[in-house]
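Enquirer:
In my numbering, the protein residues as written are 78 to 258.
(1) Nearest to residue 208 by alpha carbon, out of 123, 182, 111 and 196?
(2) What whole-angstrom Cβ distance do residue 192 and residue 140 have, given they're in contact under 8 Å?
(3) Which value, in whole angstroms, describes the spacing of the CA atoms of residue 172 and residue 137?
(4) Taking the straight line between their C-alpha atoms, what separation do you get for residue 225 and residue 167?
(5) With a 10 Å radius around its C-beta and 16 neighbouring C-beta atoms as the bar for buried, classify residue 238 as buried or exposed.
(6) Buried or exposed: which applies to residue 133, given that a residue is buried once 16 or more other Cβ atoms fall within 10 Å of its Cβ?
(7) Whole angstroms are fine: how far does the CA of residue 223 sit from the CA of residue 114?
(8) In chain order, what residues of the same chain have a beta carbon less than 7 Å from the beta carbon of residue 183, not counting five sequence neighbours either side?
(9) Going by beta carbon distance, what residues of the same chain come within less than 6 Å of residue 109, once the five residues before and after it are set aside?
(10) Check the C-beta distance from residue 127 over to residue 229 and give it rounded, since I have them as a contact under 8 Å.
(11) Among 175, 210, 135 and 188, which has the Cα closest to the Cα of residue 265?
(12) Buried or exposed for residue 244, going by 16 or more other Cβ atoms inside 10 Å?
(13) Where do the ends of the alpha helix (DSSP H) carrying residue 146 lie?
(14) Spatial neighbours of residue 215 within its chain, please: CB distance less than 7 Å, with the 5 preceding and 5 following residues excluded, ordered by chain position.
(15) Cβ of residue 204 within 8 Å of Cβ of residue 161?
(16) Can you check the segment 196-255 for any alpha helix (DSSP H) of at least 4 residues that lies completely inside it and give the ranges in chain order?
(17) Identify, in the order they occur along the chain, each residue of the same chain with its Cβ nearer than 6 Å to the Cβ of residue 242, setting aside the five sequence neighbours on each side.
(18) Where does the unbroken alpha helix (DSSP H) through residue 170 begin, and where does it stop?
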């Protein structure tokens, strides 16, 4: 038994010093894309704002249905570049919180404003969301793959919001109220 103790300790030490196997190399890009893709989904603030942009775009209809999300995505990318470059913006987190509140109110109130004004509004909010994505990019990340991930995720969240908006726009609420009686 005493002979096994040094061998067991040596084995345990060897296991703690072992390097990870590199059998499947070349997937770092996949991980960076996935980290970027998951970033908007991991924060309720990003998730709510991006879905709200889609819902509000559908509520506004017409050209707004694609111009509002497009403005958001374009300015999101610009904000991400600022964040990745280390450019400081004041009150990013407070601005993100305000974006959730304002976009939520616009959706609840079904407030329509001119498309250009809506683009400016969602664009300003998008710069803040993008800055947060860029500033929180992992150090070892490949910026382009990481950015492609969160841009695709954002587009999909806008699509979910547009679908919700189109479905709720088509509901006949007076008929539902009568049916509920």
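All C-beta atoms in this analysis are idealised placements derived from N, C-alpha and C, irrespective of residue type, glycine included.
Expert: In terms of the structure at hand:
(1) Numbered from 1 along the chain shown, position 131 holds the residue referred to as residue 208. Considering only alpha carbons, the answer is 123.
(2) For the purposes of this step, residue 192 is taken as the residue at position 115 of the chain shown. For the purposes of this step, residue 140 is taken as the residue at position 63 of the chain shown. Contact holds; Cβ gap of about 6 Å.
(3) Translated into the one-based positions of the chain shown, residue 172 becomes position 95. Translated into the one-based positions of the chain shown, residue 137 becomes position 60. Cα to Cα, the separation comes out at about 23 Å.
(4) Sequence index remark: in the chain shown, residue 225 carries index 148 (1-based). Sequence index remark: in the chain shown, residue 167 carries index 90 (1-based). If I take the Cα positions, the gap works out to 25 Å.
(5) Within the chain shown, the letter at position 161 stands for residue 238. It counts as buried.
(6) Within the chain shown, the letter at position 56 stands for residue 133. Label assigned to residue 133: buried.
(7) Stepping through the chain shown from its first residue, residue 114 is reached at position 37. Stepping through the chain shown from its first residue, residue 223 is reached at position 146. Approximately 7 Å between the Cα atoms of the pair.
(8) The residue labelled residue 183 in the question sits at position 106 within the chain shown. Contacts found: 133.
(9) For the purposes of this step, residue 109 is identified with residue 32 of the chain shown, where counting begins at 1. Closer than 6 Å at Cβ, skipping near neighbours: 218, 219, 222 and 223.
(10) Taking the first residue of the chain shown as position 1, residue 127 is located at position 50. Taking the first residue of the chain shown as position 1, residue 229 is located at position 152. Actually they do not touch by this definition, with Cβ atoms about 12 Å apart.
(11) Residue 265 lies beyond the stretch modelled for the chain, which goes from 78 to 258, so this question has no answer here.
(12) Working through the chain shown from its first residue, we reach residue 244 at position 167. Residue 244 is exposed by the Cβ-count criterion.
(13) Walking along the chain shown from the start, residue 146 turns up at place 69. For residue 146, the enclosing alpha helix (DSSP H) covers residues 141-161.
(14) The residue given as residue 215 occupies position 138 in the chain shown. Here the set comprises 112.
(15) If you number the chain shown from 1, residue 204 lands on position 127. If you number the chain shown from 1, residue 161 lands on position 84. No, these two residues do not count as a Cβ contact at 8 Å.
(16) 220-247
(17) Position 165 of the chain shown holds residue 242. Correct list, in chain order: 132, 135 and 136.
(18) Here residue 170 refers to the residue found at position 93 of the chain shown. Looking at the DSSP string, the run of the alpha helix (DSSP H) that includes residue 170 is 169-186.
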